[in-house]
Structure formats: C-alpha cells, structure tokens
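Engineer:
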Amino acid sequence: LAMPLSIAIDGPSASGKSTLAKALAEKYGFIYIDTGALYRTVGLYVHELCLSSQDAEAIVAALPEIHIEMQLRDGRGEVYLNGRPVGDEIRTPVCSLYASDVSKLPEVRAFLLSLQRDIAAKHNVVMDGRDIGTVVLPNADVKIFLTASAEVRAKRRYLELQSKSVSDTYETVLADMIERDRRDTERPIAPLKQAPDAVLVDTSELSPEESV
Ligand code: DC
3 LAMPLSIAID GPSASGKSTL AKALAEKYGF IYIDTGALYR TVGLYVHELC
53 LSSQDAEAIV AALPEIHIEM QLRDGRGEVY LNGRPVGDEI RTPVCSLYAS
103 DVSKLPEVRA FLLSLQRDIA AKHNVVMDGR DIGTVVLPNA DVKIFLTASA
153 EVRAKRRYLE LQSKSVSDTY ETVLADMIER DRRDTERPIA PLKQAPDAVL
203 VDTSELSPEE SV
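Take the position in the sequence shown, starting the count at 1, then add 2; the result is the number in the working numbering.
Following this line, the structure appears as structure tokens:
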C-alpha cells in the first residue's frame with residue numbers, strides 16, 4: 003500500500019493558512035484538515051461547561067468526557083463534538099480565546115495528537131496549524147511556514163470581521179493579533195516555530211493565487 007502524502011502548513015493566525023491549504027487540497031485532491039478547529043472544539047466544550055479557560059485542572063479532568071471525531075466530507079474534515087457537528091460556533095472570539103488557552107496544556111495537545119496523526123496515516127492531507135511540521139507530522143512530504151506582517155494580518159482579520167458585522171476597531175484587532183502571536187510563540191509546549199526543513203513563504207505582498 004502506498005504511503006499517503008502530506009503537506010504541512012504552519013504559521014500565525016491570518017497568515018493565509020486556510021486559504022492556501024484549501025486551494026492546495028483542491029488542486030491535488032487531498033483532504034484539508036484544519037487542526038485549529040480541534041483546539042477550538044475543546045475550547046467550545048470547556049466554555050459550555052462554564053469552566054474558566056485558565057482552570058487547567060478542571061479542563062484536564064473534563065477531557066475524558068470529550069469525544070472529538072473528524073468525518074471526511076467534500077474533501078475536508080468536519081469536526082464532531084460528542085456526536086454533533088460543530089459549525090461556526092467555534093469561530094466566535096470567545097472560542098478563539100478558549101482555544102488559545104486550552105492549547106497551552108500538554109494534556110490537551112496529547113489528547114488531539116493521535117486523532118491528527120491517524121487521519122494523515124490513512125489519507126493524503128493538507129494539514130494546517132501551528133505545530134504540524136514540527137510535532138504532528140515531522141515527516142511531512144512538504145512543509146510550509148506561512149507568515150505575513152502583523153499589520154497585514156490584522157487588516158485581513160479586520161475586513162473579515164467587518165463583513166460579519168462585528169464592530170471591533172482595526173487597533174483592537176491588531177493588539178489582539180500581537181498578543182495571540184506572543185502566546186502561541188512563547189508557550190513552552192509545541193510553540194509556533196518554523197521547522198528547519200520548512201519553506202518560508204511571506205504572504206504580506208501576495209494575493210492568494212500568488213501564494214499557491
Ligand atoms: O488556527 P486557529 O486560529 O483556528 O487556532 C486556534 C488556536 O488553537 C490558536 O490560538 C492556537 C491553537 N492551535 C495550536 O496550538 N496548534 C495547532 N496545530 C492549531 C491551533
């Protein structure tokens with residue numbers, strides 16, 4: 003049996019990972035796996051339990067109740083939380099915050115690791131996240147580290163929020179972006195970091211087509 007192929011894309015938020023990953027998945031007929039959605043789903047559950055996102059002990063104690071599955075549909079992995087499909091509810095600002103906090107916990111990272119590896123062991127995937135090339139799939143066939151300046155990423159996120167009628171200012175979005183970058187880069191476990199064998203692509207001045 004041929005070994006499946008994998009493309010790992012890591013980088014900070016709004017660097018264009020999901021746009022690039024979806025385009026590559028479509029181009030090559032691979033499955034697109036958004037690993038941030040898994041952390042967001044854990045965050046959603048923890049939030050629904052009314053736990054603080056800082057309460058590591060309670061979060062770890064809740065893990066055995068969390069059953070996360072990915073079902074493959076239309077070329078991508080759809081996340082199920084205890085049997086129900088999660089939708090845009092994992093995209094809210096509070097879920098972003100919870101996702102970022104729960105992703106610092108080694109128990110949460112270990113909890114989601116085999117799920118990610120199992121999918122890549124069975125299917126050709128384009129997987130995006132923060133630690134795909136460094137931890138999840140260290141033997142990925144292609145590794146890309148995608149970046150863009152904080153200002154460009156904040157502007158993208160700001161325009162996206164405006165289109166959803168969220169009224170945050172550009173300044174708030176930029177400040178949040180810088181804070182989340184700092185947390186994702188400085189955490190001791192699986193920090194956001196370019197793998198030595200990853201290709202660095204800066205999308206600050208690139209259109210989505212040019213990035214592909
Ligand atoms: O990519 P995203 O914004 O949906 O990710 C949400 C959070 O999950 C982000 O703050 C960092 C974390 N994350 C992670 O630690 N490792 C991954 N592979 C993907 C996401």
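Glycine included, each C-beta is placed from N, C-alpha and C at the ideal position.
Assign residue 134 to buried or exposed, taking buried as 16 or more other Cβ atoms, counted over all protein chains shown, within 10 Å of its Cβ.
Structural biologist: Translated into positions along the sequence shown, residue 134 becomes position 132. Buried is the call here.
Engineer: Between residue 49 and the rest of its own chain, which residues show a CB-CB distance below 8 Å, the 5 nearest in sequence each way excluded?
Structural biologist: Here residue 49 refers to the residue found at position 47 when the sequence shown is read from its first residue. Hits under 8 Å: 55, 96, 97 and 100.
Engineer: Kindly indicate which three-state DSSP category residue 20 falls into: helix, strand or coil?
Structural biologist: Here residue 20 refers to the residue found at position 18 when the sequence shown is read from its first residue. Looking at residue 20 - three-state DSSP - the assignment turns out to be helix.
Engineer: Can you tell me the Cβ-Cβ gap for residue 9 and residue 144, rounded? I've got them flagged as a contact below 8 Å.
Structural biologist: Looking up residue 9 in the sequence shown gives position 7. Looking up residue 144 in the sequence shown gives position 142. Residue 9 to residue 144, Cβ: 5 Å. Contact.
Engineer: Three-state secondary structure (DSSP) at residue 79?
Structural biologist: For the purposes of this step, residue 79 is identified with residue 77 of the sequence shown, where counting begins at 1. Three-state result, residue 79: strand.
Engineer: For the candidate residues 196, 152 and 167, whose alpha-carbon lies nearest to that of residue 137?
Structural biologist: Here residue 137 corresponds to residue number 135 of the sequence shown, with the count starting at 1. Of 196, 152 and 167, the residue nearest in Cα terms is 196.
Engineer: Assign residue 35 to one of two classes, buried (16 or more other C-beta atoms within 10 Å of its C-beta) or exposed (fewer than that).
Structural biologist: Translated into positions along the sequence shown, residue 35 becomes position 33. Counting every other CB atom within 10 Å of its CB across the protein chains shown gives residue 35 a total of 16 or more, marking it as buried.
Engineer: Could you tell me which residues DSSP pairs with residue 86 in its beta bridges?
Structural biologist: As a working note, residue 86 is residue 84 in the sequence shown. Note: residue 86 sits in a beta bridge opposite 83.
Engineer: Kindly provide the ranges of any beta strand (DSSP E) runs that are 3 or more residues long and lie completely inside the segment 129-213, ordered along the chain.
Structural biologist: 144-149 and 201-204
Engineer: When we look at the beta-carbon of residue 110 and count the other beta-carbons within 10 Å, is it buried (16 or more) or exposed?
Structural biologist: On the sequence shown, residue 110 is found 108 positions in, with the first residue counted as 1. With 16 or more Cβ atoms within 10 Å of its Cβ, residue 110 is classed as buried.
Engineer: Please indicate yes or no: does the CB of residue 38 lie closer than 7 Å to some heavy atom of the ligand DC?
Structural biologist: The residue given as residue 38 occupies position 36 in the sequence shown. Because some heavy atom of the ligand DC lies under 7 Å away, the Cβ of residue 38 counts as near it: yes.
Engineer: Taking residue 10 as part of the beta strand (DSSP E), name the residues at either end of that continuous run.
Structural biologist: Here residue 10 corresponds to residue number 8 of the sequence shown, with the count starting at 1. Residue 10 -> beta strand (DSSP E) spans 8-12.
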